[in-house]
Amino acid sequence: MNEPYGSATKPVVEKVALSPENFFNQVFVPFGRGANFTSNPETYKDVETFINDCDCRELIIPAENAVIYQNINGIHIPENHKINGQFPNVVKLIKEEQVEKLNLTLGEDNSLGCDVCVRGFWGHIRSRMTIEMACINIGIVHDNETTSFNLGFRYPHLTADAISDLLRLELWSSGSDLVFNRSNKKQAFVLNGFSDKTKNSDLKSFIDNNAKLYREIQVIENDLNDKLCIDKELTTEDIKHIHMASSSISPNHVKYTGTYTANAGKLTLKQLDIYNDSKNVAMIQMTCSDVLPEDCFQLLGKNIVLGIRRIRLIEPYIKNMEEAKRMVEENRDVVLEFASKKDEAILEYILPDDLNY
């Protein structure tokens, strides 16, 4: 943007020039050419904002005697503003979105190649681009020397597509270049792999957290022999149910601070000591009689029934030992309360037909 000059109603598109020249790797000019504008002092500030800011979509300027051109770097500038031979009061300039279909590869590796849609708004100072993969968007904002990234999911999507996209991002964060090519195999631009590990902590967190979550969803799909469609942003409740459903498929360790009450009948003190010795009683097992309400829920459009809970205490001991000794001494039926020395248990879910006491 040059200094303002000219008459009060005459903004001018002065010349066409490369813009932005140094967006990425000094070779990133995927969409075409920009425009250098000059203007009079009254309209200069608005024109400057319009050119510099990629988020400024439109600009309204006086139309009289406007000397302007058509479709320069995504700015739609009508060639003829006259209506019935007369200029309207204002001319509206619209900065349009640039869109291009490209093929993404990771360096020389074509095994994870995929087609992407790249969308961008280009300004002289700020530029914004979105790379749409199968189900993940990479948002990029460039402001002078600063480049920031943000990531988000597109909906609806399938688990397999999410895992593939997350693998691409993981390779990118580990140093692999993202190479974007046009249909004629000519390279459009490159996003270099991250070399500064401190700059991609948010990227790594996004990848790690979601990769773990989608692997759990995949386990659920394999167990259901069905596909789950993720058609919205997952809520805290959704994520809780995913954890519950995936962990229910095979036994898993859980924190457990509760107790298990058992009627042991008449006991001697020696028998009581045997019950209290975790070497002799490796685990105490308890099984619910029915499916609990909280073990039935809807997950991504599917009715999930986890089954009947079976809990096995790890390193059990008699919590009410002193009271149990008094029961023995008084020759009463002994009621034992078992707890875990480690406050841990093994939780599994079983179907009613599989119960085996």
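Each residue of the sequence shown is one higher than the one before, starting from 1 at the first, in the working numbering.
Virtual Cβ for every residue (Gly too), placed ideally from N, Cα, C.
From a predicted model like this one, the values you see are computed outputs, not experimental measurements.
Same chain, Cβ closer than 6 Å to Leu351, five either side skipped, listed in chain order: Gly307
Own chain residues within Cβ distance below 6 Å of Met327, not counting five before or after: Val334
Cut-off 7 Å between Cβ atoms - residues of its own chain near Glu315, not counting five sequence neighbours on either side: Here the set comprises Ser278, Ser340, Lys341, Lys342.
Cut-off 6 Å between Cβ atoms - residues of its own chain near Val179, not counting five sequence neighbours on either side: Thr105, Val190
CB contact flag (Phe149, Cys54, <8 Å): no
Ala264 vs Leu151 beta-carbon contact at 8 Å: no
Outcome for Cys405 when other beta-carbon atoms lying within 10 angstroms are tallied against a minimum of 16: The question about residue 405 has no answer here: the residues shown for the chain are numbered 1 through 357.
Cβ shell of Glu182 (< 7 Å), same chain only, five flanking positions each side left out: Checking the sequence, you will find Arg at residue 182 rather than Glu. Once the five neighbours on either side are set aside, the close Cβ partners of Arg182 are Leu102, Ala188.
For Ser176 and Gly359, believed in contact at Cβ under 8 Å, the rounded distance: Look at the range of the chain in this structure, 1 to 357, and you will see that residue 359 is not part of it.
Delimiting residues of the alpha helix (DSSP H) encompassing Ala211: 201-224
Own chain partners of Tyr275 with C-beta closer than 8 Å, once the 5 adjacent residues on each side are dropped: Ala264, Leu267, Val281, Ile318, Leu336
Strand pairing of Trp122, partner residues [DSSP]: Ser127
Span separating the alpha-carbon of Asn303 from that of Leu228: 11 Å
Range covered by the alpha helix (DSSP H) that runs through Met133: That residue, Met133, is in no alpha helix (DSSP H); it is neither H nor E in DSSP.
Inter-residue Cα distance where the pair is Thr130 and Asp115: 14 Å
Ser340: first and last residue of the uninterrupted beta strand (DSSP E) it sits in: 334-340
Alpha helix (DSSP H) runs contained entirely in the segment 241-268, provided each spans 4 or more residues: none
Close-in-space but distant-in-sequence residues of the same chain around Asn25 (CB under 7 Å, 5 per side omitted): A caution first: Asn25 carries a pLDDT of 41, below 50, which makes its placement in the model unreliable, though a value can still be read off. Same-chain partners within the cutoff: Val190, Asn192.
Spatial distance of Leu112 from Ser164 (CA atoms): 8 Å
Nonlocal neighbours in the same chain, by C-beta distance under 6 Å from Pro251, ignoring five residues either side: Ile346, Glu348
Buried versus exposed call for Asn209 [16 or more other C-beta atoms within 10 Å across all chains shown]: exposed
Cross-strand partners of Ile308 (DSSP beta bridge): Ile350
Buried or exposed by the 16-neighbour rule on C-beta atoms within 10 Å, applied to Ser127: buried
Contact under 8 Å by Cβ, Leu203 with Leu169: When the beta-carbon positions are compared, Leu203 and Leu169 come within less than 8 Å of each other.
Member of Lys45, Glu216, Leu272, Thr235 whose CA lies at the smallest distance from the CA of Lys325: Leu272
8 Å Cβ shell around Glu132 - same chain, five flanking residues per side excluded: Val116, Cys117, Val118, Arg119, Arg154
CB contact flag (Ser305, Asp295, <8 Å): Ser is not the amino acid found at residue 305; the sequence shown has Val there. Going by C-beta atoms, Val305 is nearer than 8 Å to Asp295.
Closest Cα partner of Leu171 within the set Ile140, Thr146, Ala211, Glu145: Ala211
Presumed contact (8 Å Cβ cut-off) between Glu344 and Tyr256, rounded CB distance: 6 Å
Whole-angstrom distance between Val47 and Val29, CA atom to CA atom: Interpretation of Val29 is limited by its pLDDT of 41, a score under 50 that renders its predicted location unreliable; the figure taken from the coordinates is listed afterwards. Looking at the two C-alpha atoms, the distance is approximately 23 Å.
Thr159, enclosing beta strand (DSSP E) - first and last residue: From DSSP, Thr159 is part of no beta strand (DSSP E) but of the alpha helix (DSSP H) over 159-173.
Cα-Cα separation between Phe297 and Ile249, rounded to whole angstroms: 15 Å
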